Amino acid sequence: EVQLQESGPGLVKPSQSLSLTCSVTGYSITSNYWGWIRKFPGNKMEWMGYISYSGSTSYNPSLKSRISITRDTSKNQFFLQLNSVTTEDTATYYCARGGYGLNWFAYWGQGTLVTVSS
Amino acid sequence: DVVMTQTPVSLSVSLGGQVSISCRSSQSLVHNNGNTYLSWYLQKPGQSPQLLIYKVSNRFSGISDRFSGSGSGTDFTLKISRVEPDDLGVYYCGQGTQYPFTFGSGTKLEIK
Numbered sequence: 001e002v003q004l005q006e007s008g009p010g011l012v013k014p015s016q017s018l019s020l021t022c023s024v025t026g027y028s029i030t031s032n033y034w035g036w037i038r039k040f041p042g043n044k045m046e047w048m049g050y051i052s053y054s055g056s057t058s059y060n061p062s063l064k065s066r067i068s069i070t071r072d073t074s075k076n077q078f079f080l081q082l083n084s085v086t087t088e089d090t091a092t093y094y095c096a097r098g099g100y101g102l103n104w105f106a107y108w109g110q111g112t113l114v115t116v117s118s
Numbered sequence: 119d120v121v122m123t124q125t126p127v128s129l130s131v132s133l134g135g136q137v138s139i140s141c142r143s144s145q146s147l148v149h150n151n152g153n154t155y156l157s158w159y160l161q162k163p164g165q166s167p168q169l170l171i172y173k174v175s176n177r178f179s180g181i182s183d184r185f186s187g188s189g190s191g192t193d194f195t196l197k198i199s200r201v202e203p204d205d206l207g208v209y210y211c212g213q214g215t216q217y218p219f220t221f222g223s224g225t226k227l228e229i230k
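Here is the structure:
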């Protein structure tokens with residue numbers, strides 16, 4: 001059974017970088033698509049981007065050049081880096097695996113709350 | 119971006135009852151390949167979202183047939199029949215047809 005687990009700091013200062021790790025078990029990240037989605041206080045959810053089985057990436061233009069998704073296939077992990085964070089980046093961050101492709105999210109991690117505050 | 123509009127914002131239903139949640143997109147969700155990438159998710163209290171339905175009407179593995187999805191183009195519906203206590207939470211629709219992928223704002227289901 002595929003399982004995903006997010007990890008990383010729960011508190012980040014404004015203007016710094018947010019870095020999260022998604023550790024995957026039960027499925028190789030060299031198959032399928034792997035994404036990051038965040039949920040803001042309230043109910044709004046935002047797709048941030050994904051990394052594919054081949055290592056190609058796609059990002060939400062709203063995040064412009066602040067976002068980077070990378071991976072370490074030897075550890076079966078993929079990573080999120082979001083630069084120059086502000087308080088508006090405070091959210092619960094989820095990693096997820098695509099369904100039969102990249103167009104829906106079949107498996108989700110439990111999520112990690114990241115607060116941006118000085 | 120494709121805007122996903124969900125209604126109602128919240129609803130309350132008696133156990134055993136039936137509910138419908140509407141999701142409308144600002145643009146057609148028919149992909150160039152002919153598929154319509156509209157999915158439904160449920161976030162139960164204290165849990166991460168779980169996939170219920172993909173490609174409009176396909177139930178994900180292990181999902182009860184009490185959940186059904188329908189619709190086409192820009193207008194979609196999730197129906198839940200014989201509502202059970204475990205169905206409470208926030209339901210989201212999401213589109214994976216056009217970048218960036220987007221989600222509705224959620225419908226909170228409460229049990230009377």
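So the protein sequences, as listed, match chains Y and B.
Start counting the first sequence at 1; every next residue gets the next number (this note's numbering).
Start counting the second sequence at 119; every next residue gets the next number (this note's numbering).
Every residue, glycine too, gets a C-beta built ideally from N, C-alpha and C.
Fair warning: this is a prediction, and the values are worked out from it, not measured in the lab.
Alpha carbon of residue i to alpha carbon of residue j, nearest angstrom
| i | j | result |
| --- | --- | --- |
| residue 5 of chain Y | residue 228 of chain B | 29 Å |
| residue 20 of chain Y | residue 80 of chain Y | 5 Å |
| residue 140 of chain B | residue 127 of chain B | 10 Å |
| residue 32 of chain Y | residue 97 of chain Y | 7 Å |
| residue 58 of chain Y | residue 104 of chain Y | 14 Å |
| residue 150 of chain B | residue 230 of chain B | 43 Å |
| residue 153 of chain B | residue 110 of chain Y | 29 Å |
| residue 201 of chain B | residue 143 of chain B | 26 Å |
| residue 189 of chain B | residue 177 of chain B | 14 Å |
| residue 171 of chain B | residue 138 of chain B | 14 Å |
| residue 112 of chain Y | residue 122 of chain B | 25 Å |
| residue 25 of chain Y | residue 64 of chain Y | 30 Å |
| residue 118 of chain Y | residue 62 of chain Y | 24 Å |
| residue 217 of chain B | residue 69 of chain Y | 17 Å |
| residue 133 of chain B | residue 86 of chain Y | 43 Å |
Chain-order list of residues whose beta-carbon lies under 6 Å from that of residue i (same chain, five-residue window excluded)
| i | result |
| --- | --- |
| residue 199 of chain B | 136, 184 |
| residue 46 of chain Y | 38 |
| residue 83 of chain Y | 17, 66 |
| residue 35 of chain Y | 50, 96 |
| residue 23 of chain Y | 5, 77 |
| residue 27 of chain Y | 2 |
Beta-carbon proximity of residue i to residue j, cut-off 7 Å
| i | j | result |
| --- | --- | --- |
| residue 102 of chain Y | residue 50 of chain Y | yes |
| residue 212 of chain B | residue 157 of chain B | yes |
| residue 192 of chain B | residue 146 of chain B | yes |
| residue 220 of chain B | residue 120 of chain B | yes |
| residue 186 of chain B | residue 197 of chain B | yes |
Under 9 Å by beta carbon: chain D residues contacting residue i
| i | result |
| --- | --- |
| residue 189 of chain B | Protein chains Y and B are contained in the structure displayed, whereas chain D is not. |
Contacting residues, own chain, Cβ-Cβ under 8 Å from residue i (five flanking each side not counted)
| i | result |
| --- | --- |
| residue 114 of chain Y | 8, 9, 10, 11, 12, 18, 20, 89, 90, 91, 92, 93 |
| residue 60 of chain Y | 46, 47, 48, 49, 67 |
| residue 204 of chain B | 162 |
| residue 75 of chain Y | 23 |
| residue 206 of chain B | 162, 163, 227, 228, 229 |
8 Å contact criterion, which residue i and residue j should meet: CB distance rounded
| i | j | result |
| --- | --- | --- |
| residue 116 of chain Y | residue 14 of chain Y | 6 Å |
| residue 225 of chain B | residue 129 of chain B | 7 Å |
| residue 2 of chain Y | residue 107 of chain Y | 5 Å |
| residue 168 of chain B | residue 159 of chain B | 6 Å |
| residue 43 of chain Y | residue 131 of chain B | With 8 Å as the limit, residue 43 of chain Y and residue 131 of chain B do not qualify as a contact, their Cβ atoms being about 19 Å apart. |
Spatial neighbours of residue i in its chain, beta-carbon cut-off 7 Å, leaving aside the 5 residues before and after
| i | result |
| --- | --- |
| residue 30 of chain Y | 53, 73 |
| residue 55 of chain Y | 71 |
| residue 181 of chain B | 170 |
Self-check item: chain Y contacts made by the region 148-170 of chain B, where a contact means CB separation under 9 Å
Solution: 149, 153, 155, 156, 157, 159, 161, 165, 166, 167, 168, 169
Quiz item: Residues in the region 39-51 of chain Y with C-beta within 7 Å of chain B's C-beta atoms, listed in sequence order?
Solution: Across the region 39-51 of chain Y, CB contacts with chain B closer than 7 Å involve 43, 44, 45, 47, in sequence order along the chain.
Quiz item: Between the region 63-83 of chain Y and chain B, which residues of the former have a C-beta closer than 7 Å to a C-beta of the latter?
Solution: none
Quiz item: When Cβ atoms are compared, which residues of the region 4-38 of chain Y fall closer than 7 Å to chain B?
Solution: none
Practice problem: Check each residue of the region 83-103 of chain Y: if its Cβ is closer than 9 Å to any Cβ of chain B, include it; give the result in chain order. | Solution: 92, 94, 96, 98, 99, 100, 101, 102, 103
Quiz item: Going along the chain, which residues of the region 213-224 of chain B sit with their C-beta nearer than 9 Å to a C-beta in chain Y?
Solution: 213, 214, 215, 217, 218, 219, 220, 221, 222, 223, 224
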